[in-house]
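Participant: For the sequence shown, my numbering begins at 11 and goes up steadily by one.
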Amino acid sequence: MPGILLGDEFPNFEADTTIGRIKFHDFLDKSWGILFSHPKDFTPVCTTELACAASLSDKFAKRGVKMIALSVDGVEDHCGWSKDVMAFNSQPSSPLPFPIIADEKRELATKLGMLDPDEIDADGIPVTARCVFVIGPDNRLKLSILYPATTGRNFDELLRVIDSLQLTAQKKVATPVNWKPGDKVMVLPNVSDADAAALFPNGVTNKEVPSGKKYLRYTQL
Ligand code: BEZ
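#1: Excluding five sequence neighbours on each side, which residues of the same chain lie with their C-beta closer than 7 angstroms to the C-beta of Asn216?
#2: Quick check on Lys115: buried or exposed, where buried means 16 or more other Cβ atoms within 10 Å of its Cβ?
#3: Cα separation between Phe70 and Lys76?
#4: With a cut-off of 6 angstroms, give the chain-ordered residues whose Cβ is closer than this to any heavy atom of ligand 1.
#5: Inspect the beta-carbon positions of Ala159 and Glu129 and report whether they are closer than 8 angstroms.
#6: So, with DSSP's three-state summary, where would you put Lys121?
#7: Give the DSSP-derived three-state secondary structure of Leu156 in the structure shown.
#8: Leaving aside the five residues before and after Pro109 along the sequence, list all residues of the same chain whose C-beta is less than 7 angstroms from its C-beta, in chain order.
#9: I need the straight-line Cα distance from Leu41 to Gly222, nearest angstrom please.
#10: Residues in its own chain within less than 6 angstroms of Ile111 by CB, not counting five upstream and five downstream?
#11: With DSSP collapsed to three states, give me the class of Glu114.
#12: With respect to 7 angstroms, is the separation between the Cβ of Ile78 and the closest non-hydrogen atom of ligand 2 below this value?
#13: Sort out for me which residues DSSP pairs Glu24 with in a bridge.
#14: May I have the straight-line CA-CA distance separating Leu231 from Ala179, to the nearest angstrom?
#15: Of all the alpha helix (DSSP H) runs that stay within the bounds of the segment 159-202, which reach a length of 4 or more residues?
#16: Count the other C-beta atoms from every protein chain shown that fall within 10 angstroms of the C-beta of Ala139, then say buried if there are 16 or more, exposed otherwise.
#17: Going along the chain, which residues of its own chain have a beta-carbon closer than 8 angstroms to the beta-carbon of Asn212, five neighbours each way excluded?
#18: Does the Cβ of Pro191 have 16 or more other Cβ atoms within 10 Å, making it buried, or fewer, making it exposed?
#19: Taking DSSP as the reference, what is the three-state secondary structure of Glu218?
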């Protein structure tokens, strides 16, 4: 079964990209990284996604996250498509602010379980689904999301989950439903009340529930 699981070391693959040949771990250079795959170059939904990703690139950089896209066409097509993407963003003279991996033989897409069996290209081969991998500074997979080719992603949501991943990598908390930075967070179930009191100087509040169990513990960081 191809694919990669949370906590696995992300493969240190070599690939041709729009910035030349890379070795993935060297590209990441111990930073956070986000790799997002696309079904095909010069396709409408992908173009809107890449344009949005480009417009948010400063926000990814602010979080120390290196961006890289992947599609199953070659570098020449990627370079031509990048120009369309930036023109779509009304910035025709700016380069796309992140590279695109050329996975023409679908080697990486196959290895990482990124193919969408419901979307077949003109040669009858499945195209890449819309996969998102967030990789930590330890080169391990911290999050993966897989959308079919027909559903575009929400890159604001990706920034939100990165904020959660980076926060929860540092503190013994978890972020509740629809959390955004600045909202209260929840104390991890495996932290004792005594430890929580010491760890969270702003205090811990408990939401009462019929079971009487005290597991809904919030704190403001
Ligand atoms: C698109 O990017 O618009 C797209 C690509 C492949 C299948 C469906 C949509």
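Backbone N, C-alpha and C define an ideal beta-carbon position, used for all residues, glycine too.
Facilitator: Let me spell this out:
#1: Here residue 216 refers to the residue found at position 206 when the sequence shown is read from its first residue. Closer than 7 angstroms at Cβ, skipping near neighbours: Lys224, Leu226 and Arg227.
#2: Start at 1 with the first residue of the sequence shown, and residue 115 comes out as number 105. With fewer than 16 other Cβ atoms within 10 Å, it is exposed.
#3: In the sequence shown, the residue the question calls residue 70 occupies position 60. In the sequence shown, the residue the question calls residue 76 occupies position 66. Answer to the nearest angstrom: the Cα atoms are 7 angstroms apart.
#4: Pro49, Lys50, Thr53, Pro54, Val55, Cys56, Glu129, Val137, Ala159 and Thr160
#5: Reading the sequence shown from its first residue, position 149 is the one you call residue 159. Reading the sequence shown from its first residue, position 119 is the one you call residue 129. In contact: Ala159 and Glu129 (Cβ atoms closer than 8 angstroms).
#6: In the sequence shown, counting from the first residue as 1, residue 121 sits at position 111. Residue state, collapsed to three classes: helix.
#7: Position 146 of the sequence shown holds residue 156. Three-state result, Leu156: strand.
#8: On the sequence shown, position 99 is the one that residue 109 refers to. For Pro109, where only same-chain residues beyond five positions count, the Cβ hits under 7 angstroms are Thr27, Thr28, Ile29 and Ile78.
#9: Sequence index remark: in the sequence shown, residue 41 carries index 31 (1-based). Sequence index remark: in the sequence shown, residue 222 carries index 212 (1-based). In the sequence on display, residue 41 carries Ser and not Leu. Looking at the two C-alpha atoms, the distance is approximately 43 angstroms.
#10: If you number the sequence shown from 1, residue 111 lands on position 101. The answer, listed in chain order, is Ala25, Thr27 and Leu80.
#11: For the purposes of this step, residue 114 is taken as the residue at position 104 of the sequence shown. Note: Glu114 maps to coil in three-state DSSP.
#12: Summarising the ligand content, the structure contains ligand 1 and does not contain ligand 2.
#13: Reading the sequence shown from its first residue, position 14 is the one you call residue 24. Answer is Lys33.
#14: For this step, residue 231 is matched to residue 221 along the sequence shown. For this step, residue 179 is matched to residue 169 along the sequence shown. Distance between the alpha carbons of Leu231 and Ala179 is about 14 angstroms.
#15: 165-180
#16: Reading the sequence shown from its first residue, position 129 is the one you call residue 139. That one is buried.
#17: Counting from 1 along the sequence shown, the entry for residue 212 is found at position 202. Result list for Asn212: Thr229, Gln230 and Leu231, in chain order.
#18: Reading the sequence shown from its first residue, position 181 is the one you call residue 191. Exposed.
#19: Taking the sequence shown and counting its residues from 1, one reaches residue 218 at position 208. Of the three classes helix, strand and coil, the one that applies to Glu218 here is coil, per DSSP.
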